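*Asks:*
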Amino acid sequence: ADLRAGHLETLLVVRGDTNGNGAVRNLRLRGLTFTETDWSLPPEGEADMQAAHASRAAVRLTDTEDCVIEDCTFVRLSGYAVELGRGCRRDQIVGCEFAHLGAGGIRIGEASASAAPADAVHGHVIADNRLHHLGEVWPGGVGVLIRQSGTNRIVHNEIHHTAYTAIGVGWTWGYHDSPCRENEIAGNHLHDIGQARLSDLGAIYTLGPQPG
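When we follow my numbering, the leftmost residue of the sequence shown carries the number 2, and every step to the right adds one.
#1: Pick from Thr63, Cys73, His134 and Ala58: whose alpha carbon is nearest that of Val122?
#2: Compare the C-beta of Ala187 against all C-beta atoms of chain B and say whether one is closer than 8 Å.
#3: Under DSSP, the beta strand (DSSP E) around Gly169 begins and ends at which residues?
#4: How is Gln93 classed by DSSP in three states: helix, strand or coil?
#5: State the Cα-Cα distance for the pair Asp201 and Leu13, rounded to the nearest angstrom.
#6: Only counting the same chain, and skipping five residues up and downstream in sequence, which positions put a Cβ closer than 6 Å to that of Gly124?
#7: Just the Cα atoms here: how many angstroms apart are Ala117 and Ala2?
#8: Can you tell which of Glu66, Glu10, Asp39 and Glu47 has the C-alpha that lies nearest to the C-alpha of Arg29?
Put into C-alpha cells, the structure is as follows:
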C-alpha cells in the first residue's frame, strides 16, 4: 500500500517587495505537481464563509508581474490551489489540471480593495485549464474566484463536479464602486455544478456592480 499523510498547508510562496518597487517578474513554473497538503481544525472550530473565503492556498503569489504557471498539476490539496493576491498583475495560469481539492482552484484578488496603486490586482489570464472535484473539505470552494480585481480573462476552461459555483466574480455587497470591472468570461465548459450539496450558487455567480 502507498500511504501518505500531508503535513504542510502551504507548498510555495512567491512574494515581491510590498511597496510595489520590487515585484517578482517573469517567473515561469512549468510541468510541476503540487500535492498532499493538510489542514487542521483550530481548537475553537471554524465556520466556512461564502466561497471558502478563509481557506488557505497551497501556492500563493503576492506582488508579481508577468509570471506564468503552465502545464502543472494541483491535486489532493486541503484548500485553494493557487492564489494571486495583493499586487499581482498580468500573471497567467494556463493548461493546468486541478483535481480533488479541499476548497477551490484559483483565487484572484483580495477581499478588500486598497487605494494604493501598487496593491492593485488585475490583468490575469486563466485559460485552457481543467478543474474538477472541488470542495471536498470546504464545500463552498469556487473553481475560479475573482474578488477585488479587474480586467481578467477566464477563457476556455473546463470546470465540473463542484460542490458550489464554478466561476465567481465580485466581492462587493451593495452598489458602491469596486475594482471588479471589465472581466471577460468566455468559452468555458461548466457542468455538473453543485452536486445537490449547496444552494445559492451558479455556473457563473456575479456579485456587485461590474462595468464592462
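C-beta: ideal position from N, C-alpha, C; glycine also.
Here the structure is a predicted model, which means the values were calculated and not measured.
*Replies:* Looking at the atomic coordinates:
#1: On the sequence shown, residue 122 is found 121 positions in, with the first residue counted as 1. With distances taken between Cα atoms, Val122 lies closest to Thr63.
#2: The chain labelled as chain B is not found in the depicted structure, where only one protein chain is given.
#3: Along the sequence shown, one-based indexing puts residue 169 at 168. Looking at the DSSP string, the run of the beta strand (DSSP E) that includes Gly169 is Ile168 to Val170.
#4: In the sequence shown, the residue the question calls residue 93 occupies position 92. For Gln93, the secondary structure class from DSSP, reduced to helix, strand or coil, is strand.
#5: As a first step, residue 201 is located in the sequence shown; it is residue number 200 there, counting from the start. As a first step, residue 13 is located in the sequence shown; it is residue number 12 there, counting from the start. Roughly 33 Å between the two C-alpha positions.
#6: The residue given as residue 124 occupies position 123 in the sequence shown. Arg90, Arg91 and Thr152, listed in sequence order.
#7: Along the sequence shown, read from residue 1 onward, the residue named residue 117 stands at position 116. Along the sequence shown, read from residue 1 onward, the residue named residue 2 stands at position 1. Approximately 52 Å, taken between the alpha carbons.
#8: In the sequence shown, counting from the first residue as 1, residue 29 sits at position 28. Comparing Cα-Cα distances from Arg29 to each of Glu66, Glu10, Asp39 and Glu47, the minimum goes to Glu66.
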